[in-house]
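So in the numbering used here, spot 142 of the sequence shown is number 142, and the numbers just go up one at a time.
The C-beta atom is built at its ideal place from N, Cα and C for all residues, glycine as well.
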Amino acid sequence: MTSHSDPRDELVTHLPAMRAFAMSLTRNSATADDLVQDALVKAWSNFDKFQPGTNLRAWLFTILRNTFYSLHRKRRREVEDPDGVMAEQLSEKPHHDGRLAMNDFRTAFAQLPDEQREALVLVGAEGFSYEEAAEMCGCAVGTIKSRTNRARKRLAELMHLEDEEELEMTDAATLAVTSVKPAA
């Protein structure tokens, strides 16, 4: 009866050689130790793929080498930012700001006369030209332009926006309604 010992029991005997190999790859003792640790974690979690009777040391070194090159490729794509300068420039507006602005917009939009709401939706949200909107509404182009302009000004008043202040929204259609740039 032949008994094969558990290859996990042999791991400790390979640690000095793994660390030396890792040092040759990284040239930094702390990084080498991290690399060995990562390789051991991968080996341990994949022991079911190791075939008993094959070379455990070669298997471990392959995992270590592959781990090193994976980390190396990953780090090449990363930007060093030791002082946090780049990180400070990254920001995301809180999601609740958009919901609050949207609620304010809905309330203000509901207070507009029907003709102004219709003009804003056609020209702003739907992207129709003034001419197309006028044809749909059965009125002059100037009337659509006037309704759209008055509606935008009234929305700004109701939402307490200053003259040059833009409404920050995540919803493109709502932003288009409040924009002063007409559709082409």
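Would the C-beta of Gln-116 count as close to the ligand FAD, meaning under 7 angstroms from any of its heavy atoms? With respect to small molecules bound, the structure shown includes none, and the ligand FAD cannot be examined in it.
Start and end residues, alpha helix (DSSP H) containing Thr-67: Taking the sequence shown and counting its residues from 1, the one referred to as residue 67 is at position 67. According to the DSSP assignment, Thr-67 belongs to the alpha helix (DSSP H) that extends over 56-77.
Trp-59 and Phe-68: beta carbons closer than 8 angstroms? Taking the sequence shown and counting its residues from 1, the one referred to as residue 59 is at position 59. Taking the sequence shown and counting its residues from 1, the one referred to as residue 68 is at position 68. Not a contact, by the Cβ cut-off of 8 angstroms.
Quick one: what does DSSP say Arg-27 is sitting in, helix, strand or coil? Start at 1 with the first residue of the sequence shown, and residue 27 comes out as number 27. Reduced to three states, the DSSP call for Arg-27 is coil.
Is Ser-146 helix, strand or coil when you go by DSSP? Looking up residue 146 in the sequence shown gives position 146. When secondary structure is reduced to three states using DSSP, Ser-146 falls in the helix class.
So which of Asp-48, Ala-20, Ala-108, Arg-27 has the shortest CA-CA distance to Leu-161? For the purposes of this step, residue 161 is taken as residue 161 along the sequence shown, with counting starting at 1. By alpha-carbon distance to Leu-161, the top candidate from Asp-48, Ala-20, Ala-108, Arg-27 is Ala-108.
Minimum Cβ-Cβ distance from Thr-13 to chain B less than 8 angstroms: This model lacks chain B altogether; it includes just one protein chain.
Three-state class that DSSP yields for Met-159 in the structure shown: The residue labelled residue 159 in the question sits at position 159 within the sequence shown. Met-159: coil per DSSP, three-state reduction.
Sub-8 angstroms separation of Met-18 and Val-41 beta-carbons: Position 18 of the sequence shown, counted from the start, is the residue given in the question as residue 18. Position 41 of the sequence shown, counted from the start, is the residue given in the question as residue 41. Contact flag unset, no.
Give the single residue among Arg-8, Thr-143, Ala-133, Gly-127 whose Cα lies nearest to the Cα of Asp-48. Working through the sequence shown from its first residue, we reach residue 48 at position 48. Cα-wise, what sits closest to Asp-48 is Arg-8.
If we ignore side chains and look at the alpha-carbon of each, how far apart do Ala-110 and Glu-88 end up? Position 110 of the sequence shown, counting from 1, holds the residue named residue 110. Position 88 of the sequence shown, counting from 1, holds the residue named residue 88. It is roughly 39 angstroms from the alpha-carbon of Ala-110 to the alpha-carbon of Glu-88.
Please state the DSSP three-state secondary structure of Leu-216. The structure shown has nothing for residue 216, since the chain only spans 1 to 184.
Is Phe-128 helix, strand or coil by DSSP? Start at 1 with the first residue of the sequence shown, and residue 128 comes out as number 128. It is coil, neither helix nor strand.
Considering only residues of the same chain and omitting the five flanking positions on each side of Phe-21, which have a CB-CB separation below 7 angstroms? One-based indexing of the sequence shown puts residue 21 at position 21. Cβ neighbours of Phe-21 within its own chain (closer than 7 angstroms, five residues either side excluded): Phe-61, Leu-64.
Once DSSP output is grouped into helix, strand and coil, what is the label at Ser-5? Position 5 of the sequence shown, counted from the start, is the residue given in the question as residue 5. Looking at Ser-5 - three-state DSSP - the assignment turns out to be coil, as it is neither helix nor strand.
Figure out for me which residue from Leu-15, Leu-56, Asp-33 has the closest Cα to the Cα of Ser-5. Here residue 5 is taken as the residue at index 5 of the sequence shown, counted from 1. Comparing Cα positions, the closest option is Leu-56.
Roughly how many whole angstroms lie between the Cα atoms of Glu-131 and Gly-142? Indexing the sequence shown from 1 puts residue 131 at position 131. Indexing the sequence shown from 1 puts residue 142 at position 142. Approximately 9 angstroms, taken between the alpha carbons.
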